[in-house]
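To keep things clear, I will list the structure first and then write my remarks on it.
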Amino acid sequence: MPALSGELVVFGFASFLALAFALLMVVQKTPVRSVLSLVVTFFGLSVLAILLAAPFIAALQIFVYAGAILVLFLFVIMLLNLKEETADKDDRPVQRTLGLLVALALGGLLAGATLRAPVPPRGPLTGPRIPMPDEIPALGRLLFSDYLFAFEVLSLLLLVAAVGALLLSKRRFE
Amino acid sequence: MTGALPGVAPMAVPPGAFLVVATLLFAIGLAGALLKRNALSIFLSIELMLNAVNLLFLTYARMRGDLAGQMIVFFVIAVAAAEAAVGLAIFVALFRTHRTVDVDKIALLKW
Amino acid sequence: MSPALATALEGAAKIAFVWGVVLGAVLPNLIWVERRMAGLIQDRPGPNRVGPFGLLQAIADILKMFMKEDVVPMYADRLLHTIAPLILLVPAMTTFAVIPFGSSIHLFGRDIPLVIADVNIGILYVFALTSIGIYGLVLAGWASNNKFALMGGLRSSAQVISYELAMGIAAISVLLAAGSLRLTKVVEYQASGTFLGFLPLWNCFPQALGCMIFVVSAFAETNRLPFDLPEAEAELVAGYHTEYSAFRFGMFFMAEYLNLIAASAMMATLYFGGWSLPGLHPTGILGGVISIAVFAAKTGFFIFLFVWVRWTLPRFRFDQLMNLGWKVFLPLSLLNLIVTGALVLWGVV
Amino acid sequence: MKQLWLIPALPLAGFLLNGLVALVASSMRAEKESGADHPGVPLPYAQRLFHGVVGVGSVGLAAVLSFAALVPYALGSMQVPEGLAPIVQKVYTWMAAGDYTVDVAFRLDTLSALMLSFVTLVGTLIHVYSVGYMQKEEGYGRYFSYLNLFMFAMLTLVLADSLPLLFVGWEGVGLCSYLLIGYYYDKDFAVAAGKKAFIANRVGDFGMVLGIFGVFALFGTADFSFVELAKRQVLAGNAPLGVYAVCLLLFLGACGKSAQGPLYVWLPDAMAGPTPVSALIHAATMVTAGVYLIARCSALFVLAPDALTLVAWIGAGTAIFAATIGLAQNDIKKVLAYSTVSQLGYMFLACGVGAFGAGMFHVFTHSFFKACLFLGSGSVIHAMHHEQDMRKMGGLAGRIPQTFRTMLVATLAIAGIFPLAGFFSKDMILGSAAASGHWVLYLVGLFTAGLTAFYMFRLVSMTFFGAPRGHAEHAHESPATMTVPLWILAAFSVVAGAVGIPAVLGGTDAVGRFLEPSVAHPPIGEMAHGLEIGLMLLSLGVAVTGLAWAWRWYGRAAGPVEAVSPQAHAFYEKTGALGRLVANRWNVDEGIEALVLSPFRKIGTFLWRGFDALFIDGIANASAFLVELLGDLLRFFTTGHVRNYALAFTLGFAALVAYVWMS
């Protein structure tokens, strides 16, 4: 355990933020509020990302996740005007308890497993080394060389998704 | 917990901490996905799980000093965007026909 | 003193300077300017009682806001209702962090770049913050538990998301030309050469289309006329801030103007060469000051444009707004991107 | 001529153009008037013009090209004793399997040149003729597109440089024949006839395909280079059994296409198609493809003398058999059909005795006078308003003189009257039969010649002489588009023989020498010139006798429709059963029905009712039933609640993680 450095403090704060609001998100009954708590969690995560020498990803996190996806959620929630979860009594107690247990168990398992696991594949490094002062050009180069195919497929996927969403949410019956 | 690979700048925060945070987030998300009844909340929880995994990737990327990890996260985020669009559209359509998004009230995957 | 401390001090100084100027000088006068302009355009005097030419009108307004009663509707979501304005305000204020407001000055034996934080994800940072700003509007709308407010919130979210796309793609082509996300790099690039030999290499020339898209989208992003659908008085009373009063309303008010200023600054930076001016090679303190002045002038022009347009153009209908965003601007911005790519490829820019 | 491929390509283009326009037009018409084809409603003139121009033009151009190609080649080939080397032009590689490739390559040698000459010539003439004949038809465009398609296929068949490509043409002509026989698809008998032709051909093609495989197995290649190989083996003088089998198989194919042996049955029915089609496909060109195939593979057949003998016998048998049937037919086209079958028999007879040149020569001449006869009959039918029964005709000589004259010429030609084309070709066949020492075959051929003369002149007499019966009074001559081709063909049936005047008559058996390089010519015994002359006179005498007899019985045919010729009637009365049998076409169709078809039908019924319905379906149903049971079982696990599924999924995942961790 290294000495209490500024980075460590930031990490502690950010991770606390993330975890706390993640929990809040789950226990929250009002959809809007859980969305908001998730936004905060994402802030925490993006801070962690910056600590992990990935500022670009951090910004992307905020821009895409918080800025677009979750706004979309909010938008839908308001569109459907969803209030608190109706009928708080869950008519499936087994599901509830069992679900909780399984979730915790799996969490524990994964934590243990990840901690025991060695640094993943020790093969030769594909991309350039990080941390580096400005990794964005490197990312771009990687994206358009090694990952070009994936990138193209992705663009296709996005197009399809857009069309599909349009089709699904179109009013057919009225 | 084995440290970073040789030749990679050491981290002020032990990577293990990041991993734990990630797994915890994942567990929380999982719990949410299993316990929530509102389809949108479930969806949110799934997003959380995705992000937990992203964090994992970033951590490993940092540990190996390999940019590839960040690449994958980039892709995950993009795919998540597409998934969100379609999923939400489905919910809207669902709500229109059933007037609810409570997954217990919509037991359609049944004979 | 230790370099770390020096850096901290330097940062603090810059922050103080920027916010001082923006909040202390620009904002109040901006309110005055807007109202005077309105008067001018509508052929009436406008505020001219308080102080010389009514210059103190802004102060008066602010005082009034602080003194009014702060009402929170009974069935509102108290928490969200409270924090919504803040969510809107904070990003609006932090946007300025990455905008280079001048070249650099040599002071106390150190070279001080005139930008608070020269991060390598500059533009992304700005967009991220603006996208966060949406929450303010949406939540305000939702928390007020008022149908008009909700409508306003919905509209704003839809509108901002839609126009972020076109705006973002337009910005991407700027990055393409500059080859970096850093706003300082963008400015330096624009200061670096000439376009077609006789024009300055400001992006507004090679990317006139993108520039146009960006400017118009900025109007939508800041919910200014002719795109102020979220607060369309005629249909939605006052839109998302219907249920707000006193200084909460004041915050919305501030946030709107701050966004306006930030947007103007961004336009100046991305498309009009920021602090640079052809033939001007700022050196030393004087140079720094001049560069700041140049930047201020450009930003000022766009602020003026905002005001001007607001009092000149009528409001769009919402479907028109959406059509414009998705069916016109998005394709056009893509076209612009392709053209720019070609230009870069053939080394024209 | 560098682009042989253009020759078949042109009709193909014509087919596409015509077909497209016809389709579009008919669909547009269908929109206008409900219902696509209104029989008897002629097309707009513009469209007719278009179809006519495209149809005739494409084929005519092809003809021009092919003559531009073959004339220089033929002349050049006549100069050198061993003939020019065949021109082979590869268009592209069709199939490549391992180191063996099948090319789409076209071959011009003396044999294909001969075929090419009359196929394109007759084809063009018949296209021209059709312009007039089909004028009133609704399916004008359809007709011409099919006809062009046929020309494409036929030319491919003729020019092909390999058996596979030849087979493409082979099937193509079969298809077109089917389509055109069933051209009047609203008439049941036409449709049935089409099917019959197609199926009969299938039997033959089955042999054909196996034959091709066999050739490949024998020589390791299926393009016509195998002929050379075969030739060399002639020198080596060894004939493995395989060759024998392959020859029989190929001959089976030839029988199917050329209506030999029991497979002839489809050809008479094929007369259901429009007359020009009968002329082009079922008299002049397609049906001779079989002979062409045999000639092509002559080198191979020579290796299996027994097979050749079989060919000869089947040919001779078919010839006389069909001729006898021809005696008693009353449908003008039927007579011609049986005559065609009989003449094809001659050709095979020639091939069988090893005189492939003679066979091809007869193919050549026959195409002209038989086409002329068919077109003539078409003109008659046209004049009689689609009346085909000769008993209802008569006395047309004065009313449609041009048709009459041309048909008379053609009749004399086919009857083998000196010096018309038929005489030389037929006599060459008979001569070689005799020379090769098959005297029985010779006699059969001779007798058949007599029969031919008889029934052909019977046809002419019943149609043109005597007193008009039925509506014969108001018959009218056909337009020039029909008569001009008639005249041209008639002219050819006069002179075509000139290319094959035998040595004894001071000629220089040009055809024989011309074909020498491309067909085998096994040694046939020589005959004393005196004997040869004698035989010629004999056959001539027989022919004249036949003519005279026919004239005596039918020449002044008058009286009621049923008893056109008292003498004939009396004769059949006398012969009794035999006569009736002949009149009934030896009950061949009934025989086939009883011996082949009905057993097949029974087997099929069994397979359908017993095997398929019970066994196969049983399996399917049983499995379906099992699956249903399983489904009922699993159904209890599907609560339909997403969360349950998610939970189960997670449990599984947790178990997996635990396992991985533990191990």
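Protein chains in written order, with the numbering used here: chain P, 10 to 183; chain H, 179 to 289; chain W, 206 to 554; chain V, 953 to 1615.
For glycine and all other residues, C-beta sits at the position ideal for the given N, C-alpha and C.
{"Item": "Is the Cβ of Arg1154/V closer than 8 Å to any Cβ of chain H?", "Value": "no"}
{"Item": "Show which residues of chain V have a CB atom less than 8 Å away from the CB atom of Leu28/P.", "Value": "Those do not exist, as Leu28/P stays about 20 Å from chain V at its closest Cβ, beyond 8 Å."}
{"Item": "What are the boundary residues of the alpha helix (DSSP H) that Val1040/V is part of?", "Value": "Not the alpha helix (DSSP H): Val1040/V falls in the beta strand (DSSP E), residues Ile1039 to Ala1049."}
{"Item": "Taking beta-carbon pairs under 9 Å, can you tell me which members of the segment 1579-1606 of chain V lie near chain H?", "Value": "Gly1583, Arg1587, Thr1590, Thr1591, Gly1592, His1593, Val1594, Arg1595, Tyr1597, Ala1598, Leu1599 and Thr1602"}
{"Item": "Let me know the alpha helix (DSSP H) ranges lying completely inside the segment 508-537 of chain W, each 4 residues or longer, listed in chain order.", "Value": "523-528"}
{"Item": "So that I know if they touch, is there some Cβ in chain V lying closer than 8 Å to that of Gln104/P?", "Value": "yes"}
{"Item": "From Val103/P, Val80/P, Arg105/P and Leu91/P, pick the residue whose C-alpha is nearest to that of Ala262/H; which is it?", "Value": "Val80/P"}
{"Item": "When the cut-off is 8 Å and only beta carbons count, does Phe258/W lie next to chain P?", "Value": "no"}
{"Item": "Quick check on the burial criterion: 16 or more other C-beta atoms within 10 angstroms. Buried or exposed for Pro1630/V?", "Value": "Lying before the first or after the last residue shown, residue 1630/V is absent from chain V, which here runs from 953 to 1615."}
{"Item": "Take Ser397/W as the anchor and find which of Phe477/W, Leu228/W, Ile288/W and Trp237/W has the nearest alpha-carbon.", "Value": "Phe477/W"}
{"Item": "Whose C-beta lies closer than 7 Å to the C-beta of Val331/W among residues of the same chain, with five residues either side of it excluded?", "Value": "Thr300, Val303 and Met471"}
{"Item": "Of the residues Gly116/P, Thr39/P, Leu61/P and Ile78/P, which one's Cα is nearest the Cα of Leu91/P?", "Value": "Thr39/P"}
{"Item": "Go ahead and label Thr275/H buried or exposed: buried means 16 or more other beta carbons lie within 10 angstroms of its beta carbon, across all protein chains shown.", "Value": "exposed"}
{"Item": "Going by DSSP in three states, Arg1407/V sits in which element: helix, strand or coil?", "Value": "With the sequence shown as reference, residue 1407/V is identified as Tyr, and Arg is not the correct amino acid for it. Helix, per DSSP."}
{"Item": "My assumption, with CB atoms under 8 Å, is that Leu406/W sits in contact with Val554/W. Please give the rounded CB distance.", "Value": "7 Å"}
{"Item": "Over what stretch of residues does the alpha helix (DSSP H) that includes Phe424/W continue unbroken?", "Value": "Ala413 to Glu426"}
{"Item": "How about Gln1281/V: is its Cβ closer than 7 Å to a heavy atom in the ligand MG?", "Value": "By its list of ligands, the structure shown contains no ligand whatsoever, and the ligand MG lies outside what it can speak to."}
{"Item": "Consult DSSP for Asn90/P and reduce its assignment to one of helix, strand or coil.", "Value": "coil"}
{"Item": "Name the chain P residues that come within less than 8 Å of Gly358/W, Cβ to Cβ?", "Value": "Met87"}
{"Item": "Can you tell me whether Val36/P is buried or exposed, with buried defined as 16 or more other CB within 10 angstroms of its CB?", "Value": "exposed"}
{"Item": "How would you label Ala218/W, buried or exposed, when you count the other beta carbons within 10 angstroms and need 16 or more for buried?", "Value": "exposed"}
{"Item": "What three-state label does DSSP hand Asn1596/V in the structure shown?", "Value": "helix"}
{"Item": "Compute the distance between the beta-carbons of Gly1134/V and Gly1146/V, then report whether it is under 8 Å.", "Value": "yes"}
{"Item": "Can you find the residues in the same chain that come closer than 6 Å, C-beta to C-beta, to Ala1057/V, ignoring five residues on each side of it along the sequence?", "Value": "Val1040, Lys1042 and Asp1113"}
{"Item": "Taking the alpha carbon of Pro1518/V as the point to measure from, which residue in Arg1343/V, Leu1068/V and Val1125/V has its own alpha carbon closest?", "Value": "Arg1343/V"}
{"Item": "Kindly say whether Gly47/P, judged by its beta-carbon, lies nearer than 8 Å to any beta-carbon of chain V.", "Value": "The question names Gly, but residue 47/P is Leu in the sequence shown. No - not a single Cβ of chain V is within 8 Å of the one on Leu47/P."}
{"Item": "Look up Phe222/W in the DSSP assignment and give the residues it is bridged to.", "Value": "DSSP lists no partner for Phe222/W."}
{"Item": "Would you identify the three-state DSSP class for His311/W, choosing helix, strand or coil?", "Value": "strand"}
{"Item": "Is there contact here, the segment 520-537 of chain W with the segment 367-375 of chain W, by at least three beta-carbon pairs under 8 Å?", "Value": "yes"}
{"Item": "Would you identify the three-state DSSP class for Leu404/W, choosing helix, strand or coil?", "Value": "strand"}
{"Item": "Pull up the CB-CB distance for Leu88/P and Leu359/W, whole angstroms please, since I reckon it's below 8 Å.", "Value": "7 Å"}
{"Item": "Would you say Pro64/P reaches chain W, if we count a Cβ-Cβ gap shorter than 8 Å as a contact?", "Value": "yes"}
{"Item": "In three-state terms, what does DSSP make of Gly373/W?", "Value": "helix"}
{"Item": "Rounded to whole angstroms, what is the Cα-Cα separation between Ala230/H and Leu539/W?", "Value": "33 Å"}
{"Item": "Mark Phe273/H as exposed unless 16 or more other C-beta atoms lie within 10 angstroms of its C-beta, in which case mark it buried.", "Value": "buried"}
{"Item": "Once you ignore the five residues that flank Arg1508/V on each side, which residues in its own chain have a CB closer than 6 Å to its CB?", "Value": "Gly1418"}
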